[in-house]
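Heads up: the structure comes next, in structure tokens.
Chains as they are written, first to last, in this note's numbering: chain H, 443 to 872; chain Y, 24 to 271.
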């Protein structure tokens with residue numbers, strides 16, 4: 443009887459898992475439909491260039507991150523963290539895209555973020571946290587020269603975590619969010635495509651008052667085989683002129699990229715030790731050549747949702763060690779240095795990111811990001827687990843460990859371990 | 024014993040060689056010719072419906088431009104809203120992916136899946152079976168109501184997405200009906216069905232494609248085509264500038 447019952451169960455299971463017969467798709471007699479194109483129809487490439495209605499859209503982000511931080515060594519008391527924090531990132535962007543004519547388009551994007559206004563400490567007024575992120579117009583001459591004028595993000599370098607070539611956008615890439623939007627300057631871009639190759643000329647007029655302060659940046663991009671090379675330059679009267687070389691080349695499953703930058707002088711204000719007891723002073727290097735370079739790779743296996751990216755940076759105007767860094771921060775408070783002067787303090791950096799976005803086809807994912815200053819040996823690692831609770835809602839648990847010696851770049855505030863819980867609404871584009 | 028062995032070999036030979044003298048390489052060339060638009064350009068809109076177990080169906084719409092004689096294609100994502108504005112440009116062996124958020128083009132390998140569907144980027148390009156594959160075996164069979172040739176192919180270069188393929192080709196008009204894509208270790212990766220075609224002059228383009236992932240059970244994508252056109256496209260369509268201009 444048991445054997446009989448087992449047979450019935452196996453038969454039912456067998457029927458249930460029997461593969462669908464898709465060969466039955468070919469039972470119909472007529473599988474070819476003849477199409478005759480309507481004459482006078484609007485060319486398909488034009489349909490995307492003109493629109494009778496203005497398109498609106500945007501994005502929404504809401505993220506709450508709670509973190510508990512402990513200093514180590516010295517014993518980590520889980521019940522008594524040295525610092526706790528709750529960060530709220532509530533922001534939205536709104537854009538419009540108007541295409542009244544195939545040769546004329548206007549695009550604008552504004553962003554607002556919480557808190558929506560900030561009290562100025564010096565004056566009894568508040569400033570709205572709303573900014574015009576992009577506002578530009580596209581037009582062309584004879585479909586040969588293409589112009590984009592206004593405030594827009596500029597594509598210049600090819601680096602993923604670091605891009606020493608990119609001095610055109612207002613802010614450098616944030617290695618913690620390398621694919622994030624970056625604010626560009628007010629500029630005019632002229633692009634002339636030559637088959638697969640491209641010529642560019644940028645004129646940048648951001649926050650300037652005199653015509654001689656306009657920066658110019660020409661660039662040529664050309665393709666040889668499956669390698670794309672870019673050669674460009676940057677000149678602005680009061681900044682160090684630069685020559686750049688970029689290269690990208692996919693090889694097998696890896697996408698390689700690299701940048702080389704040669705500048706005459708540096709825009710950084712340096713610090714050096716003087717006298718005894720050790721004091722520091724600032725100085726400029728305006729008549730010396732500096733070389734910076736970077737190389738990296740990225741690869742992705744979409745079948746298992748795994749991606750890996752890595753990059754090395756040689757920072758030509760960086761310091762060999764971080765001995766002066768702590769004292770240099772004192773000069774920031776005295777307005778003798780800016781925060782930018784102390785960013786990427788070392789000469790050698792590296793970053794690596796591993797992302798497994800859906801482990802074994804589940805909603806669970808894992809990512810790990812490491813970034814290090816290879817000169818002083820400090821850095822941080824941030825492994826995290828995340829779970830897609832709903833289509834647009836995610837929670838993540840992560841632990842950030844800062845390591846290095848006291849006073850190094852990533853341990854200026856001490857060696858820390860932080861435990862973070864984050865709940866977010868993401869991918870909220872509309 | 025020897026007699027049985029001889030009989031077995033003769034039977035094997037009889038079944039593996041078709042009765043008529045067919046030039047299968049010429050058939051592959053005909054498939055390439057029928058589905059390649061060497062004398063004109065091609066533009067159309069693909070709708071891709073992807074199914075994954077436990078998830079809602081996802082729908083994507085892509086505007087595609089093809090110029091086969093120069094090995095170029097441009098693809099622009101129209102739907103869903105979260106991906107609208109992304110675009111692809113392929114020229115020869117180079118593929119760029121445009122992300123409107125960073126306004127950057129990523130120069131990338133061309134073997135990846137197309138936008139989280141079962142389709143590969145190569146599925147949107149012209150066919151080059153006769154150049155990329157050698158015929159290992161052939162036989163005859165039936166698929167649905169159609170008499171077919173069944174061809175086992177092996178790649179002769181490592182640029183192709185799949186090193187081995189098995190094709191079901193209609194005997195009467197040589198339309199490709201079904202393809203099984205294998206890895207080098209002969210593992211079945213996916214099965215592709217072509218149950219409908221559109222004829223545009225002397226050319227054919229699959230109007231429906233069903234791609235079944237054989238590694239992840241229950242995952243499949245169905246592609247349908249609309250607004251096909253063979254009008255000549257301007258050169259600027261296949262440039263980064265156009266991809267940037269038409270996107271967000």
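The beta-carbon is built from N, C-alpha and C at its ideal position, and this holds for glycine as well.
Values in this document were obtained by computation on a predicted structure and should not be read as measured data.
query: Beta-bridge pairing of residue 169 of chain Y - partner residues as DSSP gives them; result: Y:166
query: Nearest residue (CA-CA) to residue 536 of chain H, options H:496, H:561, H:508; result: H:496
query: Interface residues of the stretch 166-184 of chain Y facing chain H [CB-CB below 8 angstroms]; result: 166, 167, 168, 169
query: Within 8 angstroms, strictly: CB atoms of residue 603 of chain H and residue 617 of chain H; result: yes
query: Contacts of residue 250 of chain Y in chain H (Cβ-Cβ under 8 angstroms); result: 486
query: Start-to-end residues for the alpha helix (DSSP H) that takes in residue 852 of chain H; result: Per DSSP, residue 852 of chain H belongs to no alpha helix (DSSP H) and is neither H nor E.
query: Residues within the stretch 468-498 of chain H neighbouring chain Y, beta-carbon criterion of under 9 angstroms; result: 468, 469, 470, 471, 473, 474, 475, 476, 477, 478, 479, 483, 485, 486, 487, 489, 490, 491, 497
query: Distance between residue 202 of chain Y and residue 242 of chain Y (C-alpha atoms, nearest Å); result: 17 angstroms
query: Close Cβ partners of residue 808 of chain H (< 7 angstroms) along its chain, the five nearest in sequence each way excluded; result: 798, 801, 827
query: DSSP three-state assignment for residue 664 of chain H, whether helix, strand or coil; result: strand
query: Distance, residue 547 of chain H Cα to residue 624 of chain H Cα; result: 21 angstroms
query: Where residue 218 of chain Y falls: helix, strand or coil (DSSP); result: strand
query: Residue environment, residue 38 of chain Y, which counts as buried when at least 16 other CB atoms sit within 10 Å; result: Below a pLDDT of 50, predicted positions are generally treated as unreliable, and residue 38 of chain Y, at 47, falls in that range; the measurement from the model is reported next regardless. Residue 38 of chain Y comes out exposed.
query: Residue 646 of chain H and residue 610 of chain H closer than 8 angstroms at C-beta; result: yes
query: Cα-Cα separation between residue 81 of chain Y and residue 106 of chain Y, rounded to whole angstroms; result: 12 angstroms
query: Proximity to residue 147 of chain Y [Cα-Cα], best of Y:66, Y:219, Y:103; result: Y:66
query: According to DSSP, residues forming a beta bridge with residue 807 of chain H; result: H:828
query: Residues near residue 599 of chain H in its chain [Cβ-Cβ closer than 7 angstroms; skip 5 each side]; result: 605, 607, 608, 688, 701
query: DSSP-derived helix/strand/coil call for residue 590 of chain H; result: strand
query: Members of the stretch 532-559 of chain H that neighbour chain Y once the beta carbon cut-off is set at 8 angstroms; result: 537, 539, 547, 549
query: Min CB distance residue 665 of chain H to chain Y below 8 angstroms; result: yes
query: Sequence-distant residues of its chain with Cβ nearer than 7 angstroms to residue 870 of chain H (five each side left out); result: 501, 502, 503, 834
query: Beta-bridge pairing of residue 599 of chain H - partner residues as DSSP gives them; result: In the DSSP output, where bridge partners are listed per residue, residue 599 of chain H has none listed.
query: Short CB-CB distance (under 8 angstroms) between residue 268 of chain Y and chain H; result: yes
query: Beta-bridge pairing of residue 477 of chain H - partner residues as DSSP gives them; result: Residue 477 of chain H pairs with nothing; no bridge assigned.
query: Contact check, residue 514 of chain H vs residue 863 of chain H, beta carbons under 8 angstroms; result: no
query: Nearest residue (CA-CA) to residue 693 of chain H, options H:739, H:576, H:571, H:763; result: H:739
query: Cutoff 8 angstroms: residue 186 of chain Y Cβ touching any chain H Cβ; result: no
query: Pair within 8 angstroms by beta-carbon distance, residue 842 of chain H and residue 829 of chain H; result: no
query: Nearest neighbour of residue 867 of chain H, chosen from H:584, H:806, H:505, H:751 [CA to CA]; result: H:505
query: Proximity test, Cβ basis, 8 angstroms: residue 124 of chain Y and chain H; result: yes
query: Partners in chain Y for residue 633 of chain H, counting only beta-carbon separations shorter than 9 angstroms; result: 262, 263, 264, 267
query: Spatial neighbours of residue 164 of chain Y in its chain, beta-carbon cut-off 6 angstroms, leaving aside the 5 residues before and after; result: 171, 173
query: 6 angstroms CB neighbourhood of residue 207 of chain Y in its chain, flanking five on each side removed; result: 186
query: Inter-stretch contact (C-beta, 8 angstroms, three-pair minimum) for the stretch 55-74 of chain Y and the stretch 85-103 of chain Y; result: yes
query: Inter-residue spacing [alpha-carbon to alpha-carbon] between residue 526 of chain H and residue 725 of chain H; result: 39 angstroms
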